[in-house]
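Asker: Per this note's numbering, the sequence shown runs over residues 24 to 149.
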Amino acid sequence: SSSEVIIFGGIAEDDRDLNDVLSFSVRTRQWTQHECAGASPSPRASHAACHVAECMYIFGGSTTVALLNDLWEYALDTHAWTQIVTTMRSALSPRYDYSLIPHGNWLVVFGGYSDATDPFDSALHC
24 SSSEVIIFGG
34 IAEDDRDLND
44 VLSFSVRTRQ
54 WTQHECAGAS
64 PSPRASHAAC
74 HVAECMYIFG
84 GSTTVALLND
94 LWEYALDTHA
104 WTQIVTTMRS
114 ALSPRYDYSL
124 IPHGNWLVVF
134 GGYSDATDPF
144 DSALHC
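See the structure below:
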C-alpha cells in the first residue's frame, strides 16, 4: 500500500549479501518480513529497485564475487518473484550503484559501475 516502504536484499551486519523482502508500515512503525513464493533473486547489494503499479522491479547489483545484470519483478499482492528476460539483442552490462527509475512503459537505468574504476557516467539505457 502507499503507507509501506518495501526493501529487498542488501548487506547484513556480518557482511553476508541478503535476498529477503521486508516492508515497513509508516502507520504502525513496524517491519514485516515477506514470505516469498517460488524462485527469488540471488542475494545481492548495491542494486536498485523501483515501484511500478503493483510490482517492484530490481536490476543487477553485486555479490561478494560477481556483478549482476538480471532483472526481476516482485508482485506486491502475491509476494511472488518472476525473472524478466529482456528482448534486447545484447543484455545490459552488469553494474552496481546506478539509478533505476520508471518512465512510462520503460525502466530507465543510468550510470553505475562495472568495476571500481569504470563508471558509466553517461550511460542511459531504456
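Heads up, the beta-carbon is just placed ideally off N, CA and C, and yes, glycines get one too. It should be emphasised that the depicted structure is a prediction, and the values quoted were computed from it without experimental measurement.
Can you name the residues that DSSP bridges to GLY32?
Answerer: Note: GLY32 sits in no beta bridge, so no partner.
Asker: Rounded to the nearest angstrom, what separates TYR97 and VAL132 at their Cα positions?
Answerer: Rounded to the nearest angstrom, the two C-alpha atoms are 18 Å apart.
Asker: Where does SER145 land, buried or exposed, given buried means 16+ other C-beta within 10 angstroms?
Answerer: Residue placement at SER145 cannot be trusted, given a pLDDT of 48 that sits under 50; the coordinates are not used to answer.
Asker: With THR51 as the anchor, note down where its beta strand (DSSP E) starts and where it stops.
Answerer: No beta strand (DSSP E) contains THR51, which DSSP labels as neither H nor E.
Asker: For my contact list, ASP120 and SER69 are in at a C-beta cut-off of 8 Å; report their separation, rounded to the angstrom.
Answerer: Sure, about 5 Å apart at Cβ, within 8 Å.
Asker: Suppose the cutoff is 8 Å on Cβ atoms and the five residues either side in sequence are ignored; what does the same chain contact list for ASP38 look like?
Answerer: Excluding sequence neighbours, ASP38 sits near THR87.
Asker: Quick one: grab the DSSP three-state call for THR105.
Answerer: Note: THR105 maps to strand in three-state DSSP.
Asker: Under 7 Å Cβ to Cβ from SER85, same chain only, skipping five residues before and after it: list those, please.
Answerer: If we look at SER85 and ignore the five residues flanking it on each side, its Cβ neighbours are ARG67, ALA68, SER69, LEU91, TYR119.
Asker: Report yes if the C-beta distance between CYS73 and ILE124 is below 8 Å; otherwise report no.
Answerer: Contact flag set, yes.
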